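Mapping of the sequence shown onto my numbering: residues 16 to 170, in sequence order.
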Amino acid sequence: MDYGFAPHKNSSRNAEEIANDGFFPALTLTEFADLYGIPADLQDSTVTHFLMQAMSRTNIALANYKDEKIAEGITSAVNASDALGGISTAVTHYKAAAYAAAKADLLREHTSIDRKADAENAATNDQTMIDHYEALASRALANLIGQQSIGVHLI
16 MDYGFAPHKN SSRNAEEIAN DGFFPALTLT EFADLYGIPA DLQDSTVTHF LMQAMSRTNI
76 ALANYKDEKI AEGITSAVNA SDALGGISTA VTHYKAAAYA AAKADLLREH TSIDRKADAE
136 NAATNDQTMI DHYEALASRA LANLIGQQSI GVHLI
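Structure, rendered in structure tokens:
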């Protein structure tokens with residue numbers, strides 16, 4: 016199994032949207048698998064499970080942002096920011112955060128499945144990839160709320 020950066024174009028995923036809370040966008044397995052190289056041999060139910068968990072955590076992390084936008088009369092992330100390429104940057108950052116978090120979770124969960132003789136190096140590489148995707152998710156969240164991904168902020 017290859018859980019890294021290699022795309023898996025042979026994957027045929029369920030194209031149905033995973034409904035969200037009404038403010039943040041629905042997501043799809045097909046988009047996630049295409050953008051983040053999710054192997055075809057992972058079952059849709061497994062990928063959906065991890066994607067829904069990541070969506071939930073992303074929604075929780077963005078609860079204050081959502082409340083502020085709703086207080087401003089903005090009822091959807093689609094209308095919460097300027098658009099690039101016809102797509103709201105808020106939607107783009109939300110998707111990046113949720114998809115990267117789900118990829119990190121999938122990597123974390125499945126690192127023991129594909130162990131080779133050199134398990135220590137594989138574990139190091141896996142952790143490096145997990146850290147990479149977690150950093151991508153954090154940066155996307157920070158971009159969405161207008162913060163730097165690295166810095167000191169008042170809590």
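Ideal placement from N, C-alpha and C gives every residue a C-beta, glycine not left out. Since the structure is predicted, the reported quantities are computational estimates derived from the model, not experimental observations.
Distances from the CA of Ala119 to each of Ile102, Tyr51, Thr45 were compared; the closest alpha carbon is that of Tyr51. Contact between Phe39 and Tyr109 is confirmed by a C-beta separation of about 5 Å, below the 8 Å threshold. Non-local beta-carbon contacts of Phe65 in its own chain, meaning distances under 8 Å to residues more than five positions away in sequence, involve Ala117, Asp120, Leu121, Glu124 in chain order.
Segment contact: the region 28-37 against the region 93-103, fewer than three CB-CB distances shorter than 8 Å; contact not assigned. Within the model, the alpha-carbon separation for Asn158 versus Arg72 is close to 16 Å. Going by beta carbons, Ala111 and Ala41 fall outside the 8 Å limit.
Distances from the CA of Val106 to each of Thr126, Val62, Leu77 were compared; the closest alpha carbon is that of Leu77. Within the same chain, Ser103 come within 8 Å of Asn94 by CB-CB distance, once the 5 residues on both sides are set aside. Taking all protein chains shown into account, Asp141 has 16 or more neighbouring C-beta atoms within 10 Å of its C-beta and is therefore buried. The alpha carbon of Ser153 has as its nearest neighbour, out of Ala69, Asp82, Ala92, the alpha carbon of Ala69. A straight line joining the alpha-carbon of Ser60 with that of Gly161 spans about 34 Å.
In the DSSP annotation of this structure, Val93 is not part of any alpha helix (DSSP H), being labelled neither H nor E.
According to DSSP, Ile33 shares a beta bridge with Leu42.
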